[in-house]
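Visitor: I'd like to ask you about the structure that follows.
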Amino acid sequence: MAVSQDEITQTCKSIMDLRKLGRYRQAHSSILTLRTELRHIPAVAIEIASLYLVQGHYIRAWDSCQLPESAIFTDGDPSQALTRHIFDIDCVALALIKAYAGISRFSETNAAMQVARRVYDVWLAGKRRACIHFVYAWLT
């Protein structure tokens, strides 16, 4: 069954609102009732991981980021080739959240650094000079 953009937006908003209100148990119960297809949408997974990170549940946050169909690296390995998802902002954000949860839960600092370095190379390395000029112009 396909997931509509409206359903994704509503689910994200619901989880975010419950998180902001501190209704963690209710949010967790709501997450458990979500269809698998919906939980595997990167935008929804980001909100789920955020809910668990706020509570310090790093293993649940880590688990919610395990979406092989949205991995930005082949086989989910930061040393492997990039996938087409490297250009999807939600997939990149999810990979960075997963790296953070990996540091917090498993002390995977090297893997997190690899992810950050590879994402930087794709998204920012070519724009570095332009960014420096922009910041300099803004400061002066």
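Every position in the sequence shown, counted from 1, becomes a number in the numbering used here once 1042 is added.
Don't be surprised by glycine CBs; every beta carbon is placed ideally from N, CA and C.
#1: Ala1137 lies in the alpha helix (DSSP H); which residues open and close that run?
#2: Excluding sequence positions up to five away, which residues of its chain have a Cβ less than 8 Å from the Cβ of Leu1138?
#3: Report all residues from its chain with a CB closer than 7 Å to the CB of Met1058; omit the five preceding and five following residues, and keep chain order.
#4: For Ser1046, tell me which candidate among Leu1080, Ser1056, Leu1060, Arg1065 has the shortest Cα-Cα distance.
#5: Who pairs with Leu1124 in a beta bridge, going by DSSP?
#6: Is it right to say Ser1106 is buried, meaning 16 or more other beta carbons lie within 10 angstroms of its own, or is it exposed?
#7: Are the CB atoms of Ala1085 and Asp1048 within a distance shorter than 8 Å?
#8: Does Leu1109 come out as helix, strand or coil in the three-state DSSP assignment?
#9: Leaving out five residues on either side along the sequence, give the residues of the same chain with a beta carbon under 6 Å from the beta carbon of Val1164.
#10: Which residue from Leu1136, Leu1076, His1099 puts its Cα closest to that of Phe1148?
Guide: According to the structure shown:
#1: Annotation for Ala1137: the continuous alpha helix (DSSP H) segment containing it runs 1131 to 1148.
#2: Short of 8 Å from the beta carbon of Leu1138, and not among the five residues preceding or following it, lie these beta carbons of its own chain, in chain order: Val1157, Ala1158, Val1161.
#3: Only Glu1089 meet the Cβ criterion.
#4: With respect to the C-alpha of Ser1046, the residue from Leu1080, Ser1056, Leu1060, Arg1065 having the closest C-alpha is Leu1080.
#5: Leu1124 is bridged to Phe1115.
#6: Per the 10 Å Cβ criterion, buried.
#7: Contact: no.
#8: Looking at Leu1109 - three-state DSSP - the assignment turns out to be coil, as it is neither helix nor strand.
#9: The residues Ile1128, in chain order, have a CB closer than 6 Å to that of Val1164 in the same chain once the five nearest residues on each side in sequence are set aside.
#10: If we check each option's Cα against that of Phe1148, His1099 comes out closest.
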